[in-house]
Amino acid sequence: MFGTDELRSLWVAVAVVVLCCARCVLQVQYNHGAVDIDNNEFAEFEDVDDIVEHDDDFEQSATEQVTPPSRTDTATNIPSEEYEDEFLNDDDEFERPERKRETEKGEPQPPQPLKFADVPAHFRSNWASYQVEAIVLLLLAVYMVNYVLGRSRNQAIAYSWFNDVASLLQQQFTLVGDDGTSEEPTEGHLVKETDANYSIWCSGRAGCQGMLIQLKLQKRQDLISVVMGLARAKQDKAVIRIDVDPNEMDSFVLAFGKRKSFTKAVKEMTDLSKFTVERKGVERFGLPSSMAVFAEISEAATAIIDPAVQTVVRRYESAIDYFHFSDQYSGPKPPEGETYTRLPETSRVLIFSINMSNDATETDALMRTVFYCLEKIRRYRLSREGKLKADKKRQSEQEAFLKTTHQARQEAAQARREEKTRKRKQRLLEEEDPEKQRRLEKLEMKRDSKMRQPKMKQLKVK
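Mapped onto mature numbering (1 follows the signal peptide of the UniProt record, and there is no 0), the consecutive letters of the sequence shown carry residue numbers -27 to -1, 1 to 435.
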């Protein structure tokens, strides 16, 4: 299957080829019309020469035919002579061309030199007429060159980052870089999802089910994205997700990150929008002023963001996008107009989003902070008051969800009942055995009568 970038490149190439084909067809039709015009111009010159030659013949024959009458003729002989002259003139009219042909055959004339008409050159036969095609081909060539170079650049960045963290990952996990396709576990594979997305799967560590690292690089292979990136710069990101075991994390939701980029993400995530509120005064948590903290319980934020985490965040502030710890993670909110009829499944996850860098020291420090937070959360437990507050919050959210989805669940249940009734009646109509059909009819009538009876509760009196 093609990815999004390959599909976009394929559609651009198809559009360019169609445009060039249409251009060539129009050019051929226009040139064909121009050739006809040129031929007609030559024919026009030839017709003019023929007409001129015929005019000379007609003038010569006219001078030979017109002869003045004799003055010595008498008046009495005029009618007969005129009558004879008419026959003579008629005979001469038919005989002169034969005589002229004989003289022409007897006296050969020198051949006349060929005359070529000055026909102007076609004004669209020069290279300047193909400027549009040249521009399209140039853009296509630039796009293909950028695609090859951008894809190679992203691949080099991904493998370089993987090589920087491979030794640390092998210390923390038993299996690093499994491709997920072979029957036997394999290591050292950097799975390429698209030309700009790579993933690394690690497993085999106490306290977690596994860790997935997604490398979300810039779309350097896409020329349009490169041009748009000039106006709004983007950075390569590494998103690390750790699925924590159920008993290894207490009930709390905590997140902190850059205020500009993280505030929008809080509104889109279900758990952050329901359970957390923004905590003012990030200075008391030891974080820079550009950071924002969203926490469900303040004591959890104070315990997790300890001096070790504060030091790393202040030193590599530009490299940290956000940290997200939650026991109620269910992904982003559903689109507008759509609602869940059942409670979405939640999981305990730790998500770290960091900006990729060529500095191996910075990458190693951030990755060690990831595993430090994992061990810190595994050991941390809420106080009794905090635990009661967290459980009460989750119970109230569950009740509110059931109230809001009560109507939708009733409609879904009614639809299921109608579907079952329709299937039973369809089976009754398709039954060919009369005995079985009567039995099914009795069961259906009994079921309908039971549905019509009012529902009453039976009370036992002792």
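Using N, Cα and C, we set each Cβ at its ideal position, and we do this for glycine too. Since this is a predicted model, take the numbers as computed values, not measurements.
>> Can you tell me where the alpha helix (DSSP H) holding residue 187 begins and where it ends?
In response: From DSSP, residue 187 is part of no alpha helix (DSSP H) but of the beta strand (DSSP E) over 181 to 189.
> Rounded to whole angstroms, how far is the Cβ of residue 242 from the Cβ of residue 158, which I believe are closer than 8 Å?
Replying inline: Rounded, the Cβ-Cβ distance is 33 Å, inconsistent with contact.
>> So for residue 146, helix, strand or coil by DSSP?
In response: Here residue 146 sits in coil by DSSP.
> So is residue 200 buried or exposed if we call it buried at 16+ other beta carbons inside 10 Å?
Replying inline: Flag for residue 200 reads exposed.
> Can you tell me whether DSSP reads residue 89 as helix, strand or coil?
Replying inline: Here residue 89 carries a coil assignment [DSSP, helix/strand/coil].
>> So for residue 151, helix, strand or coil by DSSP?
In response: DSSP places residue 151 in coil when its eight states are reduced to three.
> Around the C-beta of residue 108, are 16 or more other C-beta atoms found within 10 angstroms, so that it is buried, or is it exposed?
Replying inline: Within 10 angstroms of the beta-carbon of residue 108 lie fewer than 16 other beta-carbons, which makes it exposed.
>> Is residue 363 close to the ligand FMN? I mean its beta-carbon at under 6 Å from any heavy atom of the ligand.
In response: Among the components modelled here there is no ligand, and therefore nothing to report on the ligand FMN.
> Between residue 287 and the rest of its own chain, which residues show a CB-CB distance below 7 Å, the 5 nearest in sequence each way excluded?
Replying inline: Cβ-Cβ distances below 7 Å link residue 287 to 261 in the same chain, with the five nearest sequence neighbours on each side left out; the list follows chain order.
> Can you check whether the CB of residue 268 is closer than 7 Å to the CB of residue 227?
Replying inline: In contact: residue 227 and residue 268 (Cβ atoms closer than 7 Å).
> Do you know offhand how far residue 418's Cα is from residue 359's?
Replying inline: Distance between the alpha carbons of residue 418 and residue 359 is about 57 Å.
>> By the three-class DSSP mapping on this structure, what secondary structure does residue 247 have?
In response: In the structure shown, residue 247 sits in a helix (DSSP, three-state: H, G or I).
> Should the region 264 to 282 be called in touch with the region 330 to 340, which here means at least 3 C-beta pairs below 8 Å?
Replying inline: No: the two stretches stay apart, fewer than three of their Cβ pairs being nearer than 8 Å.
> Helix or strand or just coil, what does DSSP make of residue 201?
Replying inline: If DSSP states are grouped into helix, strand and coil, residue 201 belongs with the helices.
> Do you know whose CA, among 274, 238, 247 and 244, lies nearest residue 253's CA?
Replying inline: When each option's Cα is compared against that of residue 253, the closest is 274.
> Counting along the chain, where does the alpha helix (DSSP H) carrying residue 234 start and finish?
Replying inline: It spans 232 to 241 - the alpha helix (DSSP H) in which residue 234 sits, taken as one unbroken run.
>> Per the DSSP calculation, residue 175 is bridged to which residue(s)?
In response: As computed with DSSP, residue 175 is found in a beta bridge with 149 and 184.
>> Between which two residues does the alpha helix (DSSP H) holding residue 213 run?
In response: Where residue 213 is concerned, there is no enclosing alpha helix (DSSP H), although the beta strand (DSSP E) it sits in stretches over 210 to 217.
>> Taking only three categories from DSSP, how would you classify residue 192?
In response: Three-state result, residue 192: coil.
>> Here's the rule I'm using: 16 or more other beta-carbon atoms within 10 Å means buried, otherwise exposed. How should residue 250 be labelled?
In response: Residue 250 counts as exposed, since fewer than 16 other C-beta atoms from the protein chains shown sit within 10 angstroms of its C-beta.
> Just to confirm, are residue 436 and residue 378 a CB contact at a threshold of 7 Å?
Replying inline: This structure cannot speak to residue 436, because the chain is shown only from -27 to 435.
> Do residue 176 and residue 148 have their CB atoms nearer than 7 Å?
Replying inline: Their beta carbons are under 7 Å apart, which means residue 176 touches residue 148 by this criterion.
> Three or more C-beta pairs closer than 8 Å, one from the region 129 to 140 and one from the region 179 to 194: is that the case here?
Replying inline: Taking a contact to require three or more Cβ pairs closer than 8 Å, the region 129 to 140 and the region 179 to 194 qualify as touching.
>> Nearest by alpha-carbon distance to residue 311: which of 194, 381 and -13 is it?
In response: Comparing Cα-Cα distances from residue 311 to each of 194, 381 and -13, the minimum goes to 381.
> On the three-state DSSP scale, how would you describe residue 415?
Replying inline: Here DSSP, grouped into helix, strand and coil, assigns residue 415 to helix.
>> Alpha carbons only, please: which of 352, 193, 124 and 289 is nearest the one belonging to residue 179?
In response: Cα-wise, what sits closest to residue 179 is 352.
>> Once the 5 residues before and after residue -9 are set aside, which same chain residues still bring their CB inside 7 Å of it?
In response: Cβ within range, chain order: 109.
>> For a test of the three-state rule: what should DSSP assign to residue 135, helix, strand or coil?
In response: Three-state DSSP puts residue 135 in a helix.
> residue 230 and residue 294 look like a contact to me (Cβ under 8 Å); what is the Cβ gap, rounded to whole Å?
Replying inline: Contact annotation, residue 230 with residue 294: C-beta distance approximately 6 Å; criterion of less than 8 Å satisfied.
>> Using 8 Å for Cβ pairs, my map puts residue 213 next to residue 325. What's the rounded Cβ distance?
In response: Under the criterion of beta carbons closer than 8 Å, residue 213 and residue 325 qualify as touching, at roughly 4 Å.
>> Taking the beta carbon of residue 155 as the centre, do at least 16 other beta carbons fall within 10 Å, making it buried, or is it exposed?
In response: It is exposed - the Cβ of residue 155 has fewer than 16 other Cβ atoms within 10 Å.
> Where residue 131 and residue 371 are concerned, what is the direct C-alpha to C-alpha distance, given to the nearest angstrom?
Replying inline: Distance between the alpha carbons of residue 131 and residue 371 is about 42 Å.
> Going by DSSP, what residues sit across from residue 264 in a beta bridge?
Replying inline: Residue 264 pairs with 231.
>> By DSSP's criteria, residue 305 is part of a beta bridge. Which residues make up the other side?
In response: Paired residue(s): 242.
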